[in-house]
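Trainee: Take this structure first; my questions come after.
There are 2 protein chains.
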Amino acid sequence: MDRGTPQPTPTPDPGGSGLPDPVDEAVRRIRAHGERVTIARTAVLRVLADSKAYLTADQIFVEVSRAAPGVHRTTIYRALDALERLGLVVQTRMGQDAAAYQLAAYLLGESDPRLHVVCRACGRVQEVAGDLLDAVARRLAAEYAFRLDPTGVALTGHCDTCTRNPLPTRGRA
Amino acid sequence: MDRGTPQPTPTPDPGGSGLPDPVDEAVRRIRAHGERVTIARTAVLRVLADSKAYLTADQIFVEVSRAAPGVHRTTIYRALDALERLGLVVQTRMGQDAAAYQLAAYLLGESDPRLHVVCRACGRVQEVAGDLLDAVARRLAAEYAFRLDPTGVALTGHCDTCTRNPLPTRGRA
DNA sequence: GGTCTAGATGCGACACTGTTGCATATGGAC
DNA sequence: GTCCATATGCAACAGTGTCGCATCTAGACC
Chain Y
1 MDRGTPQPTP
11 TPDPGGSGLP
21 DPVDEAVRRI
31 RAHGERVTIA
41 RTAVLRVLAD
51 SKAYLTADQI
61 FVEVSRAAPG
71 VHRTTIYRAL
81 DALERLGLVV
91 QTRMGQDAAA
101 YQLAAYLLGE
111 SDPRLHVVCR
121 ACGRVQEVAG
131 DLLDAVARRL
141 AAEYAFRLDP
151 TGVALTGHCD
161 TCTRNPLPTR
171 GRA
Chain V
1 MDRGTPQPTP
11 TPDPGGSGLP
21 DPVDEAVRRI
31 RAHGERVTIA
41 RTAVLRVLAD
51 SKAYLTADQI
61 FVEVSRAAPG
71 VHRTTIYRAL
81 DALERLGLVV
91 QTRMGQDAAA
101 YQLAAYLLGE
111 SDPRLHVVCR
121 ACGRVQEVAG
131 DLLDAVARRL
141 AAEYAFRLDP
151 TGVALTGHCD
161 TCTRNPLPTR
171 GRA
């Protein structure tokens, strides 16, 4: 499958950015919540921090297995679930594909969350302005008392390329 | 599971609304595209037209089986796929749940598509104004040459109730 | 009505994502 | 070091969706 796998931005360690290591910060918060800091959870955080891009549970499993062999697939899901509950990790649904995860924006020193749009035809993922849904969020809050989670799902549609080339639609004309 | 199953609005036949039967109209369009009109496809259209609400592939399978026993589960998926390609049916991803389908808005004589938001905590689905994403669509088109399909996914967040009752955070307990 | 064929279907097997129950291991408090 | 609640490993399972292939059928043509 070539469905626009999010490429793992090879993070050249922020270096002198002055930011605390996002993993350290996350660990601090896990303890603050009275939850346990385990090898699996730390490994998941480390993988996400190193990629700084969307990763599926399976991709995380593969990466974690490299650093901490023996960690079970189920544990990845449970760790992600726990980290999401604590607000340290954000889950996003990318169209049909499996859920994708990333570190919470504030752990990376970013104020806006990362928003993406997904092409329904070619699956390409495209990052868009983090404030794209601000007005929508305000309207949902005002009119429906609904608190929007802008990162929850990626919006779908068709990218420029696929709009121009209406795709084979099925061999037929 | 009680995850806000979309209740099938019992459609009291539009009667003298003057609208053509959406199924007839859809059938016309299938033929116009040179594709075949089959029992399975017609049954799927009929089920969607009668419910006029979101239905999952499985729910459609159950309903179709009532009207046309013997139709295979796989056929439902293939029929939905074909009908979606022809623009007669719209697929929406509701959070984590299975894809949900509805007839295209124009077949029902509606100009705006139906938009929904889904609560990540309780799963409740809430219909919102059809023009909610108009400005976002314009901006995506202008800045990213991306043609938004507003019905592709439902936005997620937290409903009023779940915002007030921050939920056990720990279903396990 | 009969014939023909591309395309639709039935069927079964499968892949993938995610969950659950339970026994065991372990983090962290003491 | 001891202890216990919780995290984990494991295995089995559920739900959604896809694929290959043999068969059937809608629709065109006679």
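Just so you know, the protein sequences line up as chains Y and V, in that order. Counting along the first sequence from 1, when you hit position 55 you're at 55 in full-length UniProt numbering, and nothing is skipped either side. Counting along the second sequence from 1, when you hit position 143 you're at 143 in full-length UniProt numbering, and nothing is skipped either side. Cβ coordinates follow ideal geometry from the N, Cα and C atoms, glycine included.
1. Can Val117/Y and Gly87/Y be called in contact, C-beta distance under 9 Å?
2. Measuring straight from C-alpha to C-alpha, what distance separates Leu80/Y and Thr151/V?
3. Please compile the residues from chain Y whose C-beta is within a distance smaller than 9 Å of the C-beta of Phe146/V.
4. Taking a cut of 8 Å between CB atoms, which residues from the region 87 to 99 of chain V lie near chain Y?
5. Taking only beta-carbon atoms, is Gly152/Y less than 9 Å away from chain V?
6. Could you check whether Ala43/Y and Ala68/Y sit closer than 9 Å to each other, using their CB atoms as the reference points?
7. In chain order, what residues of the same chain lie with their CB nearer than 8 Å to the CB of Glu127/V, ignoring the 5 residues before and after it?
8. For Thr5/V, decide whether its Cβ has a neighbour in chain Y, counting only Cβ atoms nearer than 9 Å.
9. Taking 9 Å as the cut-off, decide whether the C-beta atoms of Cys122/V and Ala145/Y are in contact.
10. Any beta-carbon of chain V closer than 9 Å to the one on Glu110/Y?
11. In the structure shown, what three-state DSSP assignment does Thr161/Y receive?
12. What residues of chain Y sit near Val44/V, judged by a beta carbon separation below 8 Å?
13. Just how far apart, CA to CA, sit Val62/Y and Gly109/V?
14. Using a threshold of 9 Å, state whether the C-beta atoms of Glu143/Y and Ala105/V are closer than that.
15. Mind checking which residues open and close the alpha helix (DSSP H) that includes Val128/Y?
16. In the DSSP assignment, find the beta strand (DSSP E) that holds Arg93/V and state where it starts and stops.
Mentor: Taking the structure as given:
1. No, Cβ-Cβ distance for Val117/Y and Gly87/Y is not below 9 Å.
2. In this structure, the straight-line span from the alpha carbon of Leu80/Y to that of Thr151/V is close to 28 Å.
3. Under the 9 Å cutoff, chain Y gives Val117, Cys119, Gln126, Val128, Leu155, Gly157, His158, Cys159, Asp160, Thr163.
4. Residues Arg93, Gly95, Gln96, Ala99.
5. Interface residue, yes.
6. In contact: Ala68/Y and Ala43/Y (Cβ atoms closer than 9 Å).
7. For Glu127/V, where only same-chain residues beyond five positions count, the Cβ hits under 8 Å are Arg114, Leu115, His116.
8. Because Thr5/V sits at a pLDDT of 40, beneath the cut-off of 50, its placement in the model cannot be relied upon, and the following sentence gives the value as read from the coordinates. By this cut-off, Thr5/V is not an interface position.
9. Between Cys122/V and Ala145/Y, the gap from beta carbon to beta carbon reaches 9 Å or more.
10. Judged by the 9 Å Cβ criterion, Glu110/Y is not in contact with chain V.
11. Thr161/Y: helix per DSSP, three-state reduction.
12. Chain Y residues near Val44/V: none, gap ~18 Å exceeds 8 Å.
13. Approximately 49 Å, taken between the alpha carbons.
14. No, the Cβ-Cβ distance between Glu143/Y and Ala105/V is not below 9 Å.
15. No alpha helix (DSSP H) holds Val128/Y; the beta strand (DSSP E) holding it covers 125 to 128.
16. That run of the beta strand (DSSP E) goes 89 to 93.
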